[in-house]
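For the sequence shown, this note's numbering puts the final residue at 103, and the numbers step up evenly by one.
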Amino acid sequence: MTLERWTDDQMDKLTLAVEANTQVAAQLAQGQKAITEVMERMANSQSGLSDSQASLTRIVDRMEASIASTNAAVERLERIVDYLLRRDQQTALQDDQTSQDGR
C-alpha cells in the first residue's frame, strides 16, 4: 500500500501507533537499564557476601585452632595438678610415717 492511498485518519492512527511504540520502546530501555543496575548491585552484594563468608571462615578456623590449643593447655594443667596432688599426698604420708617412727 502506497502513502497516496492512506487517508488522513489512517495516517493519524499510524502516527499515534508509532509514537506509542516509541514511548514503549523508551520505557523498555529504561526498564532494561534499571534491571542492569539492579543486577550489578546484586553482583556487588554477592561479591561482598562471598568476601564476608571467606573472612568468617578464616575467623572460625582461627577460633577452632585457639580452642584446640586451649584444650591442650587445660589437659597439661590437669596433669600437672594431678602430679602435684599425688606428690603432696606422698610427702604427707612420708611425713606421717617419719613422725610416727620418731615417737
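Beta carbons are placed, not taken as given, at the ideal position from N, Cα and C, and that holds for glycine.
Under the rule that a run must span 4 or more residues, no alpha helix (DSSP H) segment is found entirely inside the stretch 15 to 96. Judged by DSSP in its simplified three-state form, Thr98 adopts helix. Distance from the CA atom of Gln94 to the CA atom of Tyr83, rounded to whole angstroms, is 16 Å.
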